[in-house]
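Right, one structure below, let's go through it.
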Amino acid sequence: MLRIATFSLAAYDPAEEAWGIAVASKFPAAGAVVPWARAGAGAVATQSYANTSFGPRGLERMQRGLSAPSVLKELLDADPEAAQRQVGMIDSAGSPATFTGSECIPWAGGRTGDHFAMQGNILTGEETLEAMEEAFLSSDEPFPERLLTALLAADRAGGDRRGRQSAALLVVKAEGGYGGFNDRWIDYRVDDHPDPIPQLQHLLSLHRLYFGSSEPEEQLPLEGETLDQLITILHKLAYLPSDVTALNPTAMKALRRFIGNENFEDRTNLDQHTIDLPVFTYLMKKYG
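For the sequence shown, the numbering used here assigns the number 36 to the initial residue and increments by one for each residue that follows.
Quick look at the structure:
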């Protein structure tokens with residue numbers, strides 16, 4: 036069995052009513068093994084010689100209202116290879132638990148605090164978790180960004196002593212998924228990259244761009260220079276004949292097709308002739 040040398044952070048955000056796990060490792064696709072989470076139940080990070088059954092079994096028990104410490108003890112007591120395991124848990128109320136088996140490869144250890152559990156093995160030293168905790172507690176960013184800020188701080192403080200390869204971020208909340216049909220609010224992985232955490236941060240920024248929303252003061256009217264620059268892009272990309280320079284029906288049809296191809300229907304209101312500022316800025320940078 037391969038060991039998952041990993042550092043991870045499992046946490047709960049009471050303001051968002053969200054549970055999340057950020058994880059990084061010198062191991063391919065750690066996100067396919069370590070993080071498990073369910074809205075209303077909690078989160079589980081299972082690593083070292085990972086027993087992946089701890090994920091669904093732990094969530095099922097915490098869904099019934101059992102605490103993270105009691106669930107973790109139950110799972111470990113039934114596992115004959117518990118000494119090789121490393122696990123972090125957050126239950127439905129945000130209470131944490133962490134465990135590092137005596138046979139985990141050093142440096143290995145964990146720590147818990149208010150609504151978080153962090154743990155790591157085959158690390159350069161305890162400074163990895165110290166940096167993770169300091170960054171997590173001092174950040175005032177939104178919860179998903181806060182998890183990645185802490186993960187990056189841990190990595191830059193030492194991280195996995197073998198190097199870098201993969202990272203993942205999983206955050207759940209009720210109806211947080213696409214269209215509100217499931218709880219998978221944020222679910223991104225970088226499975227094989229020499230510096231995966233910044234890549235994960237880039238994916239999160241794209242998530243905010245495509246699925247975010249703007250306040251009314253950031254919704255630009257399609258007129259003046261804003262409209263001129265969009266029409267220039269439509270000309271450049273051959274969506275619109277060069278002799279069409281006003282927002283007539285032909286231009287509007289071309290603009291709808293362009294916005295649809297770029298997947299920004301949710302961040303424009305072409306019936307009201309507006310576009311969100313972050314989307315306009317992105318399009319100018321990409322095509323302007």
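Using N, Cα and C, we set each Cβ at its ideal position, and we do this for glycine too.
Item	Value
Between which two residues does the beta strand (DSSP E) holding ILE157 run?	Unbroken run through ILE157: none, as it is neither H nor E.
Considering only DSSP beta bridges, list what ASN304 is partnered with.	THR309
Less than 7 Å separating the Cβ of GLU258 from some heavy atom of the ligand FMN?	What this structure holds is no ligand at all, so the ligand FMN is not there to describe.
If we count the other Cβ atoms within 10 Å of its Cβ and call it buried at 16 or more, is LYS271 buried or exposed?	exposed
Specify whether the region 227-244 and the region 271-290 touch according to this definition: at least 3 beta carbon pairs, one from each stretch, less than 8 Å apart.	no
Rounded to a whole number of angstroms, what is the C-alpha to C-alpha distance between ASN86 and ARG196?	22 Å
Check each candidate in PRO229, ASP263, ASN296 and ASN304 and name the one with the smallest Cα separation from GLN254.	ASN304
Counting pairs of beta carbons, one from the region 215-224 and one from the region 77-93, are three or more of them closer than 8 Å?	no
Nearest-angstrom Cα distance between ARG243 and TYR47?	20 Å
Among residues of its own chain, excluding the 5 on either side of GLU52, which ones have a beta-carbon nearer than 6 Å to its beta-carbon?	LYS208
What did DSSP end up calling GLY144 once you bin it into helix, strand or coil?	strand
Do GLY77 and PHE178 have their CB atoms nearer than 8 Å?	no
Would you list, in sequence order, the uninterrupted alpha helix (DSSP H) runs of no fewer than 4 residues that lie entirely inside the region 205-291?	231-246 and 259-271
If distances are taken between C-alpha atoms only, which option among THR280, THR316, LEU269 and VAL279 comes closest to ASN296?	LEU269
What whole-angstrom Cβ distance do SER60 and GLN264 have, given they're in contact under 8 Å?	Rounded, the Cβ-Cβ distance is 43 Å, inconsistent with contact.
Give the straight-line distance between the Cα atoms of THR163 and GLU300, rounded to the nearest whole angstrom.	42 Å
Which residues mark the beginning and the end of the alpha helix (DSSP H) in which ASP48 is found?	That residue, ASP48, is in no alpha helix (DSSP H); its beta strand (DSSP E) goes 41-48.
According to DSSP, is SER173 part of a helix, a strand, or is it coil?	helix
Helix, strand or coil for ARG73? Go by DSSP, reduced to three states.	strand
Quick check on DSSP: helix, strand or coil for PRO91?	helix
According to DSSP, is GLN82 part of a helix, a strand, or is it coil?	strand
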